[in-house]
Amino acid sequence: MVTAFIPVIFLGLLFAVVYLVPKWIQRQKDNREELINTPATVISKRMNVTSKYIVSHTYHVSFIFPDQHKLELKVPPKELVNFVEDQQGQLQFQGERFLSWNPVREASK
């Protein structure tokens, strides 16, 4: 009876090593990076769909900075609607982690 749980435990450990450990390492790396708050312009947004065993969606937004440096960040699904191409705003990020986007409001005519 106990031996039946060994494969389940093995699969759980394998999941932790393959999936969770790299995410934890990236999070630790991002935490050591400087918190950056800078003006930027949205240049594109895209959705990546993968479907091996289950369907997974990831969302990315590309930004360009005043010095012409470009950066693509993964954003949460609920945030994607806040981005419009060629929109300017204040971007906050840390390492590869998106934190916030505050678009510049154009003055009404």
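The numbering of the sequence shown is the numbering used here, which starts it at 829 and goes up by one. Where is the CB? At the ideal position from N, CA and C, for every residue including glycine.
Please classify residue i: does DSSP put it in a helix, a strand, or coil?
| i | result |
| --- | --- |
| Val912 | coil |
| Gln896 | coil |
| Lys857 | helix |
| Lys880 | coil |
Do residue j and residue i come within 8 Å of each other at the CB atom, strictly closer than that value?
| i | j | result |
| --- | --- | --- |
| Leu899 | Phe891 | yes |
| Asn930 | Gln918 | yes |
| Gln920 | Glu861 | no |
Would you list the residues sitting across from residue i in a DSSP beta bridge?
| i | result |
| --- | --- |
| Val845 | None, per the DSSP bridge assignment. |
| Gly917 | Ala868 and Pro931 |
| Tyr887 | Met875 and Val903 |
| Leu863 | Gln922 |
Determine the burial state of residue i: buried for a count of at least 16 other Cβ atoms within 10 Å of its Cβ, exposed for fewer.
| i | result |
| --- | --- |
| Val849 | exposed |
| Phe843 | exposed |
| Phe926 | buried |
| Ala868 | buried |
| Val846 | exposed |
| Pro904 | exposed |
Throw me the rounded Cβ distance for the residue i and residue j pair, which I believe falls under 8 Å.
| i | j | result |
| --- | --- | --- |
| His888 | Lys873 | 7 Å |
| Asp858 | Glu924 | 6 Å |
| Thr886 | Lys902 | 6 Å |
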